[in-house]
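Residue numbers 25 to 343, in the numbering used here, belong to the letters of the sequence shown in order.
Built from N, CA and C at the ideal position, the CB exists for glycine as well.
Fair warning: this is a prediction, and the values are worked out from it, not measured in the lab.
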Amino acid sequence: MITEIIEPPPLSVLILALLIDIILGEPPAALHPVVIIGKAVDRLRRMVPRRKISGLVISVVVITGAVLAGVALIHIAYALGDLAGHRLMGDLLALISSSYLLKSTFAFRSLISTSREIGRLIDEDLDAAKRLLPALVSRNPLNLTHAQARSAVIESLSENYVDTIVSPLFYYVLFSYLGAGVEAALAFKAVSTMDSMLGYRTEELREIGYVPARLDDILNWIPARLSLPLIMIASPTKAQDILRACMRYRSVTPSPNSGWPMAAAAGALGTRMEKPGVYTILDEGRDPESEDISSAISLIGRAMMLAAVLSAVLLIPLG
């Protein structure tokens, strides 16, 4: 019987989670917490009427379920150690479980590798690239030109920098000081997953996706704005251009948040970004070329490292 549970050191959890991501990448779909959350969202969506209240119910159920499942897994790890008669084993299993859950909320390696692969395909086989683009973007890729496809990759890379890196790390660090870092990261990822599945203005999803979309806007609000100084530090020689572009174009996107990292990336690269019929960022910039995707990957890669290092530094007081 577990008589006392001491949470794994948050800094150790973060470091191990980063190592898991960099070395192993994404876990198998059957064991991936985000995939499991997605299946739950899809099942619930099919069971409820298309109303805003249904979106609220789904949000409460999915967020609560994700958090409780994460807590249960960590407690099971401690219990296994107790059953084996080794408290140290329980602590180690809890550290691994916590790190695995935290890793599932961010995607350093996957975001970079997917962006690089699609960028390569745009030059070699545009049709193949268009088939792979939905892994990054939600727009219809059918009629995209080479420049528009490159823009879509850079836009998604910079936008996902917030959604899959800055935001989960932000909530992990913030709530680690309250002893609930992993739970907070899981809660954020549950909201993000719901938004990616339900947060569209189609006839089918407009009502049911309203609450998940608003929750996602709220939770990404601070991290999106934190992305600006991080990207400026990642490209110090372009800091003024980044700031100027962000101040001018941050509000042109339908989302209150996505314009910040996208405009910052556009300013750093000097490239025009366009979602046809929706928005244009850095209209005075040039069309993105092949090397701009590599430059964007390098830029966001540095910004990712900054976010990870800053998170680790902020967790040092917690041990």
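Residue i to residue j, Cα distance in whole Å?
i    : j    : result
A96  : E227 : 37 Å
S83  : P278 : 22 Å
T27  : D106 : Here the model assigns T27 a pLDDT of 45, short of 50, so the residue's position is not dependable, and the following value carries that caveat. Rounded to whole angstroms, T27 to D106 spans 10 Å at the Cα level.
S36  : G114 : 15 Å
A332 : I317 : 22 Å
S175 : S128 : 27 Å
L43  : L135 : 15 Å
V276 : A292 : 18 Å
Y196 : L202 : 10 Å
Would residue i be called buried (16 or more neighbouring beta carbons within 10 Å of its own) or exposed?
i    : result
N164 : exposed
R274 : buried
M329 : exposed
I46  : exposed
V337 : exposed
M25  : A caution first: M25 carries a pLDDT of 44, below 50, which makes its placement in the model unreliable, though a value can still be read off. Result: exposed.
P247 : buried
E308 : exposed
What span of residues does the beta strand (DSSP E) with residue i cover, start to end?
i    : result
E227 : Here E227 belongs to no beta strand (DSSP E), and DSSP marks it neither H nor E.
K299 : M297 to K299
I305 : Y303 to I305
Taking the alpha-carbon of residue i as reference, which of the options has the nearest alpha-carbon?
i    : options                   : result
R238 : S259, L254, K262 and N281 : N281
A269 : A131, G294 and L166       : G294
I98  : D151, I120 and A320       : I120
L40  : V206, L135, D66 and L166  : V206
R256 : F199, R144 and A288       : First, the residue type needs correcting, since residue 256 is Met and not Arg in the sequence shown. Of the candidates F199, R144 and A288, the one whose C-alpha sits nearest the C-alpha of M256 is A288.
A64  : L48, G89 and K76          : G89
T304 : A320, L198, R272 and L126 : R272
I178 : L267, P285 and P73        : P285
Using a Cβ-Cβ cut-off of 8 Å, state whether residue i counts as contacting chain C.
i    : result
A289 : Structure shown: chain C not included; a single protein chain is present.
How far does the alpha helix (DSSP H) with residue i in it extend, from its first residue to its last?
i    : result
V276 : First-last for V276: undefined, no H or E at that position.
T88  : K76 to L107
A64  : P57 to M71
Fill in: Length at least 4, wholly inside the region 202-266: the alpha helix (DSSP H) runs in chain order
205-222 and 234-258
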